[in-house]
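What follows is a set of notes on a single structure, which appears directly below.
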Amino acid sequence: MKSLGSIRRSFAPWNDPTAKPYILFDGVTKRFGDFTAVDDLSLAIHEREFFALLGASGCGKSTLLRMLAGFEEPTAGRILLDGQDLRGIPPYRRPVNMMFQSYALFPHMTVEKNIAFGLKQEGMPAADIAKRVAEMLALTKLEPFARRKPHQLSGGQRQRVALARSLAKRPKVLLLDEPLGALDKKLREETQFELVDLQYELGLTFVVVTHDQEEAMTMADRIAIMDKGHICQVATPAEIYEAPSSRFVASFVGNVNMFEGRIVSRRGGTAEIAGPDGLSIRTDNAGEAAEGADVAFAIRPEKIRVSSQRPAETGFNAIEGEIFDLGYLGDMTVYHVRLADGRIVKASALNAARTSTDPLTWHDRAWISFAPDAGVVLTR
Amino acid sequence: MTGPGGWSRFNIVSIVLGFAFLYLPIVLLIIYSFNESRLVTVWGGFSTKWYGELFRNRGLMDAAWVTLRVAFLSATAATVLGTLAAIALTRYTRFRGRILFSGMVFAPLVMPEVITGLSLLLLFVAIGLDRGFLTVTLAHITFTMCFVAVVVQSRLLSFDRSLEEAAMDLGATPAGTFFQVTLPVIAPAVVSGWMLAFTLSLDDLVIASFTSGPGATTLPMKIYSQVRLGVTPEINAACTLMIAVVATVVLIASVLNKRREVQRQRDEQAARRG
Chain U
1 MKSLGSIRRS FAPWNDPTAK PYILFDGVTK RFGDFTAVDD LSLAIHEREF
51 FALLGASGCG KSTLLRMLAG FEEPTAGRIL LDGQDLRGIP PYRRPVNMMF
101 QSYALFPHMT VEKNIAFGLK QEGMPAADIA KRVAEMLALT KLEPFARRKP
151 HQLSGGQRQR VALARSLAKR PKVLLLDEPL GALDKKLREE TQFELVDLQY
201 ELGLTFVVVT HDQEEAMTMA DRIAIMDKGH ICQVATPAEI YEAPSSRFVA
251 SFVGNVNMFE GRIVSRRGGT AEIAGPDGLS IRTDNAGEAA EGADVAFAIR
301 PEKIRVSSQR PAETGFNAIE GEIFDLGYLG DMTVYHVRLA DGRIVKASAL
351 NAARTSTDPL TWHDRAWISF APDAGVVLTR
Chain D
381 MTGPGGWSRF NIVSIVLGFA FLYLPIVLLI IYSFNESRLV TVWGGFSTKW
431 YGELFRNRGL MDAAWVTLRV AFLSATAATV LGTLAAIALT RYTRFRGRIL
481 FSGMVFAPLV MPEVITGLSL LLLFVAIGLD RGFLTVTLAH ITFTMCFVAV
531 VVQSRLLSFD RSLEEAAMDL GATPAGTFFQ VTLPVIAPAV VSGWMLAFTL
581 SLDDLVIASF TSGPGATTLP MKIYSQVRLG VTPEINAACT LMIAVVATVV
631 LIASVLNKRR EVQRQRDEQA ARRG
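Set out below in structure tokens:
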């Protein structure tokens with residue numbers, strides 16, 4: 001049997017130029033009065049994809065989801081689902097279902113009735129409804145609670161009822177608005193993996209809106225980073241993290257150190273950047289940046305080494321500073337190193353051994369250094 | 381200065397005076413309904429004979445029946461209209477003339493009844509509608525509707541709109557959503573609105589006097605006209621029965637409410653424990 005991971009790795013329809021997108025936003029704009037929530041946005045989502053819309057509140061991600069569900073109509077542009085233009089189709093005739101952030105469980109109905117609601121609207125025979133409801137209860141492990149009302153359930157149970165209800169009609173696409181936002185941390189982590197397994201087993205297309213980057217990184221095949229009604233980057237979690245397309249994406253996802261500088265020379269993919277305060281950077285990931293261009297060099301904290309000794313190869317990618325702050329998190333240690341110009345550089349080291357051979361503490365002089373392929377050059 | 385249980389003498393005195401002020405007249409009325417004597421102000425021993433007289437009095441019983449029918453019909457119609465008005469006011473917050481509309485819905489709350497009654501009378505005369513059962517009912521719908529709208533609107537303000545969106549998302553049409561989700565959820569407020577409209581209609585005298593005609597005399601009108609000829613113990617008995625009915629309804633409503641609240645809290649605690 002093929003493992004889940006290997007199948008997932010080979011799943012990349014977005015790299016196939018002949019693949020037909022399942023959901024297509026084509027030049028979609030949405031204005032509320034003077035406020036433009038979504039601005040001329042185009043986006044393609046493929047069948048069976050677990051797609052995340054990630055952004056701060058007010059970036060337009062929820063509006064995008066609500067337009068797909070039919071609660072808002074685009075001011076301009078069109079939305080296609082499986083080739084069909086959705087304009088003018090009311091929410092109750094769209095083959096998509098939504099799981100609401102507040103769960104929106106009907107308080108006057110039992111768990112069973114909540115799950116059966118959508119099926120009843122279709123006019124499904126009672127026997128079939130009972131069968132499907134039983135199936136959904138089993139899938140979400142809710143059988144013991146079938147006769148309870150929503151206020152008699154815990155937060156995690158309510159979340160599962162909301163999920164079962166939105167899946168009962170077997171929609172082509174499931175929309176999830178901050179699906180785990182109301183759960184506590186531990187439950188959230190468990191549920192993330194459950195959702196991914198469920199999506200894979202049922203072979204559905206999931207579009208999830210979240211402001212929690214960890215959630216998006218864990219669950220999604222691809223992530224769209226949104227800001228002010230625009231899409232900044234659409235890519236896999238690893239690409240977003242390791243090859244962000246702009247300063248905004250780099251600083252929005254995870255921790256990052258950003259050095260502004262100018263490309264002084266460039267040969268092939270390798271470039272040298274005159275950084276601030278005498279830091280000279282040599283990088284293999286120069287991207288499109290031309291010689292003389294003002295760029296940002298972005299590097300993640302875990303890719304920076306901190307040591308008390310001057311690194312062997314000098315001249316590039318190393319600078320001395322002072323340990324300004326340090327945090328021991330158990331699995332790793334976070335260092336804040338202050339450079340001569342007062343700038344703070346964040347670095348983190350995995351505590352693979354129980355005791356460090358090179359113990360550093362507050363106010364120690366320390367060298368930070370990194371490899372030529374550790375960071376990326378950003379022009380935008 | 382502190383009496384038993386932390387009550388100061390001042391507190392006790394003010395509470396006793398307050399309750400006496402509110403309920404002494406009613407208590408006197410109830411006591412005198414059991415008076416043997418025909419004279420209202422002279423105690424002649426205990427008796428229930430005036431209750432028997434009351435049920436044999438055709439005029440009073442007819443008036444009571446008219447009142448109940450008017451109250452039932454007008455409360456029902458006012459509940460439908462008031463609920464619709466409340467929905468329009470909470471849902472469509474941006475339509476042109478909303479402030480004017482909401483002002484016009486709520487103005488009758490503070491409008492002197494004499495003015496409401498007189499203007500309705502003028503309207504009925506102008507359109508040539510004969511005054512009687514229909515006109516009283518219409519008038520009561522008009523003035524109780526705004527009370528229903530207030531009660532239902534306050535419930536709708538805390539209503540989670542995503543419930544309706546969820547219903548539509550699951551395939552319910554707007555009408556289906558209203559009857560399967562919105563109405564059941566706001567039902568307690570609608571029922572309270574109905575009860576409020578019912579009691580308001582039951583004891584209205586001023587508007588009914590303006591808009592009623594021959595054959596449609598309501599109980600308050602009948603009582604008022606009889607009292608002008610002198611208070612009889614029968615009237616005391618009729619009023620005591622009205623108090624009993626209203627008190628019972630209020631008591632049942634509050635007990636049900638309290639019990640539901642307690643049950644809900646218990647359930648929520650149980651759910652939190654796991």
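Chain order of the listed sequences is U and D. Letter by letter, the first sequence follows residues 1 to 380 of my numbering. Letter by letter, the second sequence follows residues 381 to 654 of my numbering. For every residue, glycine included, the Cβ atom is placed at its ideal position computed from N, Cα and C. Predicted, not measured: the structure shown is a model, and the values here were computed from it.
Which parts of the stretch 64-132 of chain U are runs of the alpha helix (DSSP H), unbroken and 4 residues or longer, counting only runs that do not cross its ends?
111-122
For U/Lys30, which residues of its own chain have a beta-carbon under 7 Å away from its beta-carbon, when the five flanking residues on both sides are left out?
Ala37, Val38, Thr63, Met67, Glu72, Pro74, Thr75
Tell me which residues share the same chain as U/Lys169 and place their Cβ nearer than 8 Å to its Cβ, disregarding the 5 neighbours each side in the sequence.
Asn97, Gly118, Leu119, Glu122
Using beta-carbon positions only, say whether D/Gly497 and D/Val607 come within less than 8 Å of one another.
no
Closer than 8 Å, CB to CB, is U/Phe117 near chain D or not?
yes
Neighbour flag for D/Met441 against chain U, beta carbons, 8 Å:
no
Start and end residues, alpha helix (DSSP H) containing U/Thr205
Note, U/Thr205: premise wrong, no alpha helix (DSSP H); beta strand (DSSP E) at 205-210.
Could you pull out every residue in the same chain whose Cβ sits closer than 8 Å to the Cβ of D/Ile413, ignoring the five residues on either side in sequence?
The sequence shown places Ser at residue 413 of chain D, not Ile. If we look at D/Ser413 and ignore the five residues flanking it on each side, its Cβ neighbours are Trp430, Tyr431, Pro613, Asn616, Ala617, Cys619, Thr620.
The alpha helix (DSSP H) spanning U/Asp227 covers which residue range?
U/Asp227 -> not in any alpha helix (DSSP H); beta strand (DSSP E) instead, spanning 222-227.
Other residues of its chain near D/Ala455: CB distance less than 7 Å, five sequence neighbours each side excluded
Thr524, Trp574, Ala577, Phe578, Ser581
Using C-beta distances below 8 Å, list every residue in its chain close to D/Gly512, excluding the 5 sequence neighbours before and after it, in chain order.
Ser592, Gly593, Pro594, Gly595, Ala596
Going by C-alpha distance, which of U/His151, U/Thr210, U/Leu167 is nearest U/Glu135?
U/Leu167
Should D/Ser542 be flagged as near chain U, meaning a C-beta pair shorter than 8 Å?
yes
What does DSSP give as the partner residues of U/Thr392 in its beta bridges?
The requested residue 392 of chain U does not occur in the structure, where chain U is confined to residues 1 to 380.
From the DSSP secondary-structure annotation, give me the bridge partner or partners of U/Ala347.
U/Tyr335
I want to verify the contact list: residues of chain U whose CB lies under 7 Å from the CB of D/Thr553, in sequence order.
Tyr92
Output, in chain order, the set of chain D residues within a Cβ distance shorter than 8 Å of U/Ser102.
Asp540, Ser542
Would you mind stating whether D/Ala519 and D/Gly462 have Cβ atoms separated by less than 8 Å?
no
So with CB distances below 7 Å, who are the chain D contacts of U/Ala69?
Asp549
D/Thr447: first and last residue of the uninterrupted alpha helix (DSSP H) it sits in:
438-471
With H, G and I counted as helix, E and B as strand and the rest as coil, what does DSSP make of U/Thr270?
strand
Would the stretch 545-565 of chain D count as touching the stretch 483-503 of chain D if we require 3 or more Cβ pairs under 8 Å?
no
For a test of the three-state rule: what should DSSP assign to U/Gly55, helix, strand or coil?
strand
Compare the beta carbon distance of U/Arg48 and U/Thr205 with 8 Å and say whether it is the shorter of the two.
yes
Does chain D have any CB closer than 8 Å to the CB of U/Pro276?
no
Closest to D/Asp647 by CA distance: which of U/Leu53, U/Pro150, U/Arg87 is it?
U/Pro150
Of all the options U/Val249, U/Ser308, U/Val334, which has the alpha carbon lying nearest to the alpha carbon of U/Leu350?
U/Val334
Alpha carbon of D/Thr459 to alpha carbon of D/Ala506, nearest angstrom
27 Å
Run through chain U and tell me which residues come within less than 8 Å of D/Ala565, C-beta to C-beta.
Note that residue 565 of chain D is Val in the sequence shown, not Ala. Phe106, Pro107, His108, listed in chain order.
Let's see if you can read the secondary structure: which residues bound the beta strand (DSSP E) around U/Thr283?
280-283
C-beta neighbour in chain D for U/Met124, strict 8 Å:
no
Residue interval of the beta strand (DSSP E) (run including U/Gly327)
318-328
Report the option in U/Arg160, U/Gly155, U/Val196, U/Tyr200 whose CA atom is closest to the CA atom of U/Ala182.
U/Gly155
Please state whether DSSP places U/Gly5 in a helix, a strand or coil.
In this prediction, U/Gly5 scores a pLDDT of 49, lower than 50, which makes its location untrustworthy; no coordinate-derived value is stated.
Is the stretch 364-378 of chain U touching the stretch 286-300 of chain U in the sense that three or more CB pairs, one from each, lie closer than 8 Å?
yes
What in chain U is Cβ-close to D/Val681, meaning under 7 Å?
A query on residue 681 of chain D cannot be resolved here, the shown segment of chain D reaching from 381 to 654 and no further.
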